[in-house]
Amino acid sequence: MATSDLLAPILWLLSGIILGHLIPRLPTIIMSRFSFFNPQLPPHPAPVPVDGYLLARVLLMRNLRSLGLFFALIPLILGWLAIIGADSPFGVGLVLGAVWTLLSWSIPEKLGSPSWPWSRSLAEDLQRFRNQSRDENSRCCDSPELFWEVACIRCAACLKVIDNRPRPDLGRKRSDGWFMGALRVWMLDGKSPLGYVELNSNPSNEEE
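Numbers in our numbering are just positions in the sequence shown, counted from 1, shifted up by 34.
Below, the structure written as structure tokens:
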């Protein structure tokens, strides 16, 4: 048997896995970058104000991730039909890529760590920080201005770190270009390159 006869099925299998992995992520990679979604947010990678627009964006990204669950049905169905009709290694790859995605989105990375970078609980935490900044007894300074930087949520007025959760992708047009930006979002699955840091129950007392 020629080497090409062995190599071709492997390449078809890998192509199917890649495509099955990519299709469910298209809503968060592409749809969120449309200009009408981004007029209220500062350009990437500038810090984002912790305000109502940020909360709305987190919930939008969550909804787009939910839409990705339906997109995962596309490679699942097409792959299954290809397997039934032709025993296609490409179809096997589509199914494997889609199942891999569904499992990775369903199983937490570790105990207490969310599998989605955007969630309703994240929006609730951001709203809690906003409420604390308006409360004279709990705010960090006289005129707090909360911004979500790459590595943490910080008050721009007093530089106090409010929370140490890295910022996930928020669907803004990337400063590193469409292709490289989309590739990074795909590889990181919307998460921050700094990883996951568990939320503090209370604002940090550290100042930087």
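Every residue gets a Cβ at the ideal spot worked out from N, C-alpha and C, and that includes glycine.
In this structure, how does DSSP classify residue i when only helix, strand and coil are distinguished?
{"i": "residue 232", "result": "Low per-residue confidence applies at residue 232: pLDDT is 48, beneath 50, and the placement is therefore not dependable, though the value from the model is reported in the following sentence. Reduced to three states, the DSSP call for residue 232 is coil."}
{"i": "residue 84", "result": "coil"}
{"i": "residue 152", "result": "coil"}
{"i": "residue 204", "result": "coil"}
{"i": "residue 193", "result": "coil"}
{"i": "residue 64", "result": "coil"}
{"i": "residue 141", "result": "coil"}
{"i": "residue 75", "result": "coil"}
{"i": "residue 173", "result": "coil"}
{"i": "residue 242", "result": "Only weak support exists for where residue 242 lies, its pLDDT of 35 falling under 50; the value from the coordinates is given anyway. Coil."}
{"i": "residue 211", "result": "coil"}
{"i": "residue 165", "result": "helix"}
{"i": "residue 58", "result": "helix"}
{"i": "residue 91", "result": "helix"}
{"i": "residue 227", "result": "coil"}
{"i": "residue 199", "result": "coil"}
How many angstroms separate the CA atom of residue i from the CA atom of residue j?
{"i": "residue 67", "j": "residue 56", "result": "16 angstroms"}
{"i": "residue 102", "j": "residue 132", "result": "10 angstroms"}
{"i": "residue 210", "j": "residue 112", "result": "33 angstroms"}
{"i": "residue 97", "j": "residue 166", "result": "27 angstroms"}
{"i": "residue 224", "j": "residue 196", "result": "22 angstroms"}
{"i": "residue 74", "j": "residue 89", "result": "12 angstroms"}
{"i": "residue 212", "j": "residue 180", "result": "29 angstroms"}
{"i": "residue 194", "j": "residue 178", "result": "9 angstroms"}
{"i": "residue 188", "j": "residue 159", "result": "14 angstroms"}
{"i": "residue 110", "j": "residue 53", "result": "11 angstroms"}
{"i": "residue 49", "j": "residue 41", "result": "12 angstroms"}
{"i": "residue 161", "j": "residue 61", "result": "25 angstroms"}
{"i": "residue 84", "j": "residue 91", "result": "11 angstroms"}
{"i": "residue 175", "j": "residue 204", "result": "27 angstroms"}
{"i": "residue 59", "j": "residue 114", "result": "20 angstroms"}
{"i": "residue 108", "j": "residue 226", "result": "27 angstroms"}
{"i": "residue 116", "j": "residue 126", "result": "8 angstroms"}
{"i": "residue 10", "j": "residue 192", "result": "The question about residue 10 has no answer, for the chain in this structure spans 35 to 242."}
{"i": "residue 118", "j": "residue 202", "result": "39 angstroms"}
{"i": "residue 104", "j": "residue 134", "result": "14 angstroms"}
What does a CB cutoff of less than 6 angstroms around residue i pick up in its chain, not counting 5 residues either side in sequence?
{"i": "residue 130", "result": "51"}
{"i": "residue 136", "result": "106"}
{"i": "residue 208", "result": "78 and 215"}
{"i": "residue 172", "result": "166"}
{"i": "residue 87", "result": "74"}
{"i": "residue 237", "result": "Bear in mind that a pLDDT of 43 at residue 237, under 50, signals an unreliable position, so the number given afterwards is only what the model happens to contain. The residues are 196."}
{"i": "residue 46", "result": "123 and 124"}
Looking only at its chain, what residues have a beta carbon closer than 7 angstroms to the beta carbon of residue i, apart from the 5 residues adjacent to it on each side?
{"i": "residue 43", "result": "123"}
{"i": "residue 65", "result": "98"}
{"i": "residue 221", "result": "none"}
{"i": "residue 169", "result": "none"}
{"i": "residue 63", "result": "216, 219 and 220"}
What does a CB cutoff of less than 8 angstroms around residue i pick up in its chain, not counting 5 residues either side in sequence?
{"i": "residue 93", "result": "152, 154 and 157"}
{"i": "residue 231", "result": "Interpretation of residue 231 is limited by its pLDDT of 48, a score under 50 that renders its predicted location unreliable; no figure is taken from the coordinates."}
{"i": "residue 228", "result": "184, 185 and 200"}
{"i": "residue 190", "result": "81, 179, 180 and 181"}
Going by the DSSP bridge assignment, what does residue i pair with across the sheet?
{"i": "residue 52", "result": "The partner list for residue 52 (beta bridge, DSSP) is empty, contrary to what the question assumes."}
{"i": "residue 182", "result": "82 and 187"}
Task: Inside the region 100–130 only - alpha helix (DSSP H) runs reaching at least 4 residues - done: Complete alpha helix (DSSP H) runs here, min 4: 107–120.
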